[in-house]
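Residue numbers (this note's numbering): 81 to 552.
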Amino acid sequence: MDVIKLIYQFLWGDLVRIPLPGGSVLGLSLLVLILIPAGLYFTVRTRFLPFRLFPEMIRVTLENQKSGEREGISGLQALIISTACRVGMGNLVGVVAAISAGGAGAVFWMWIIALVGSSTAFIEATLAQLYKEKDPLYGGYRGGPAYYLHHLFCPEKRGRRKSVFASLFALSGLICWCGISQVTGNSITSSFENAFRIPPLYSALALTAAAAVIVLRKNATVKVLDVIVPIMAACYFFITIFIILTNADKVPGVFQRIFAEAFGLRQAVGGGIGAVIMNGAKRGLFSNEAGSGSAPCAAAAADISHPAKEGLLQALGVFIDTIVICTCSAMIMLLTPRELTEGLEGMDLMQTAMGHHLGAFGVVFIAVILWLFSFSTFLGILFYARSNVAYLFGDNWISQTIYKLLALVMLFVGGMAAYQFVWDLGDVGVGLMTIFNMIALFPLAPNALASLKAYEEERKNAPKETEKGGSR
Numbered sequence: 081m082d083v084i085k086l087i088y089q090f091l092w093g094d095l096v097r098i099p100l101p102g103g104s105v106l107g108l109s110l111l112v113l114i115l116i117p118a119g120l121y122f123t124v125r126t127r128f129l130p131f132r133l134f135p136e137m138i139r140v141t142l143e144n145q146k147s148g149e150r151e152g153i154s155g156l157q158a159l160i161i162s163t164a165c166r167v168g169m170g171n172l173v174g175v176v177a178a179i180s181a182g183g184a185g186a187v188f189w190m191w192i193i194a195l196v197g198s199s200t201a202f203i204e205a206t207l208a209q210l211y212k213e214k215d216p217l218y219g220g221y222r223g224g225p226a227y228y229l230h231h232l233f234c235p236e237k238r239g240r241r242k243s244v245f246a247s248l249f250a251l252s253g254l255i256c257w258c259g260i261s262q263v264t265g266n267s268i269t270s271s272f273e274n275a276f277r278i279p280p281l282y283s284a285l286a287l288t289a290a291a292a293v294i295v296l297r298k299n300a301t302v303k304v305l306d307v308i309v310p311i312m313a314a315c316y317f318f319i320t321i322f323i324i325l326t327n328a329d330k331v332p333g334v335f336q337r338i339f340a341e342a343f344g345l346r347q348a349v350g351g352g353i354g355a356v357i358m359n360g361a362k363r364g365l366f367s368n369e370a371g372s373g374s375a376p377c378a379a380a381a382a383d384i385s386h387p388a389k390e391g392l393l394q395a396l397g398v399f400i401d402t403i404v405i406c407t408c409s410a411m412i413m414l415l416t417p418r419e420l421t422e423g424l425e426g427m428d429l430m431q432t433a434m435g436h437h438l439g440a441f442g443v444v445f446i447a448v449i450l451w452l453f454s455f456s457t458f459l460g461i462l463f464y465a466r467s468n469v470a471y472l473f474g475d476n477w478i479s480q481t482i483y484k485l486l487a488l489v490m491l492f493v494g495g496m497a498a499y500q501f502v503w504d505l506g507d508v509g510v511g512l513m514t515i516f517n518m519i520a521l522f523p524l525a526p527n528a529l530a531s532l533k534a535y536e537e538e539r540k541n542a543p544k545e546t547e548k549g550g551s552r
């Protein structure tokens, strides 16, 4: 436990502390020092892709994808899986925590990080497509950072020899996702106990049984997520729109508060501007996962006509997660009178805010939506785990099933009680994943950029009414 805490502090603690006016300090962790410069670099190298190609992201999302000509899942299904994992408890409680600690200005910095992170998401998803391989167990394709790391350090065809860095990434991912399983179970049972007074034992048993029925079947996960994710995102979005419309007179004041506290002299003089910036930045990085190497595990599974298309879809996923879902949580909280939320935190604060806006229905709604967010995250991370288990242990159902059973046990254990050690273990896992992933992104980025250039030229030369398919 001491070793895990030491690694956690190295990855997430303040590695550099910059003094600011008013006595505030801007603390920068190792991962912030890696991810933000990387996002800026890739944004410049892609010629500001998040702004320039946003209409193309929407077009690729909406285009017709014929299932009869496809092996495995579609590009849109890969986006749904990655969105399931990105959109979780952090989009509810995490946003509330960021605003509680850093004020409304933290929301602005979350937006900035999303814009920067979407370029990183494009690079890693495109690389996942470029270095994917056939999946003999589940059908279709598989890949991700372990596979492009292997190509970087062991260019020959993958056999018995394994890359050290690829193996470390795969192992870090499996550790991280086990930790997330525990966190998921705890967040669901806690919200159900608060909303419905259901004892954790009963909800943990029901949750684990439902998850087992899905994940232990060969390809049920994608089908279930295809239904859950659009419904949960749409419900949360439209409920937020309803709350915004019923509080329309307060909305200009909320946006004024966000921008004022993001740059305001009051925060700088009061010594809090460092907290405003870093709480927003860290929540943005944690939530959208760009650069961590998680989403590429889904991106690689897509059978899509051009690698850059999947990169654009995953870049859009960062917008969906942070600009849409996280902003919904922020608006729900910021439109609630401050006196009602004074001294509250976490789910208690979120449920109080929803209760203010929608009465008893709001408390029930937020419990159900958290269940959907968290349950879909669990299903998504087990989809991610497939390629990492295969890289480490080979193509066999025994290792795949053992990992699923381990995750189900962690889900149940988490439902019964929260263990800080496991939470820290999950954070350490995602931190190590990010570092190993970044080792590959910079040297391999020219390949993703070349794919983007080829795709844009192809689109430019294609007839207006039809799209020419690209080669892998």
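Quick reminder that beta carbons are idealized off the backbone N, C-alpha and C, glycines included.
These numbers were taken from a predicted model, which means no experiment stands behind them.
- A check of alpha carbon separations from P387 across A275, A284, A201, P310 identifies A201 as the nearest.
- Straight-line measurement puts the Cα of V469 at about 18 Å from the Cα of L505.
- Residue range 280-295 is occupied by the alpha helix (DSSP H) that includes P280.
- Counting along the chain, the unbroken beta strand (DSSP E) around I98 starts and ends at 96-99.
- Beta-bridge pairing by DSSP links L108 to V96.
- Here R132 is exposed: its Cβ has fewer than 16 other Cβ atoms, across all protein chains shown, within 10 Å.
- Assignment of beta-bridge partners to K214 by DSSP yields Y221.
- By the neighbour-count criterion, in which 16 or more other beta carbons inside 10 Å mark a residue as buried, Y221 falls on the buried side.
- Fully enclosed alpha helix (DSSP H) runs of no fewer than 4 residues occupy 376-379, 387-398, 407-414, 418-421 of the region 354-423, in order along the chain.
- Counting only the Cα atoms, I160 lies some 9 Å from I308.
- Within the same chain, Cβ atoms closer than 7 Å to the Cβ of C234 are found at R241, S243, the five residues on either side in sequence being excluded.
- According to the DSSP secondary-structure assignment, I153 is paired through a beta bridge with A382.
- Per DSSP, reduced to three states, the secondary structure at E136 is helical.
- Taking C-beta atoms as the reference points, A208 and G224 count as a pair closer than 8 Å.
- For L248, the CB contacts under 6 Å within the same chain, skipping 5 residues up- and downstream, are F516 in chain order.
- Approximately 16 Å separates the beta-carbon atoms of G397 and T126; this is outside 8 Å, ruling out the contact.
- Taking every protein chain shown into account, the CB of P280 has 16 or more other CB atoms within 10 angstroms, so this residue is buried.
- In the three-state reduction of the DSSP assignment, V304 falls in the helix class.
- Fewer than three Cβ pairs drawn from the region 468-487 and the region 327-343 lie within less than 8 Å of each other, which leaves the two stretches out of contact.
- Sequence-distant partners of I87 (beyond 5 residues in either direction) whose C-beta falls short of 6 Å from its own C-beta, in its chain, are V508.
- Contact between the region 517-527 and the region 280-296 is not established, with fewer than three Cβ pairs separated by less than 8 Å.
- The beta carbon of G442 sits closer than 7 Å to the beta carbons of M434, G435 from its chain, once the five residues preceding and following it are set aside; these are given in chain order.
- The region 423-492 contains, as complete alpha helix (DSSP H) runs of 4+ residues, the segments 426-438, 440-473 (chain order).
- Close CB contacts of N327 within its chain, under the 6 Å cut and outside five residues either way in sequence, are with L415 (chain order).
- Look at the beta carbons and you see the region 374-385 touching the region 209-218: at least three pairs across the two are nearer than 8 Å.
- By the neighbour-count criterion, in which 16 or more other beta carbons inside 10 Å mark a residue as buried, L325 falls on the exposed side.
- Contact check for G495 against T269 passes: the beta carbons are separated by less than 8 Å.
- For G183, the three-state secondary structure derived from DSSP is coil.
- Taken through DSSP and simplified to helix, strand or coil, A497 comes out as coil.
- Cα atoms of F492 and R166: separation of roughly 21 Å, rounded to the nearest angstrom.
- Taking C-alpha positions only, A381 is separated from L393 by approximately 13 Å.
- In this structure, the straight-line span from the alpha carbon of H437 to that of I255 is close to 39 Å.
- Excluding the 5 residues flanking it on each side, E390 has same chain C-beta neighbours closer than 6 Å at G155, A205, Q209, A379, A382, I384, in chain order.
- Distance check between A177 and each of L424, L129, W477 places L424 closest, using alpha-carbon atoms only.
- Shown here, C256 sits in a helix according to DSSP, grouped into three states.
- If you draw a straight line from the Cα of T407 to the Cα of A314, it is about 14 Å long.
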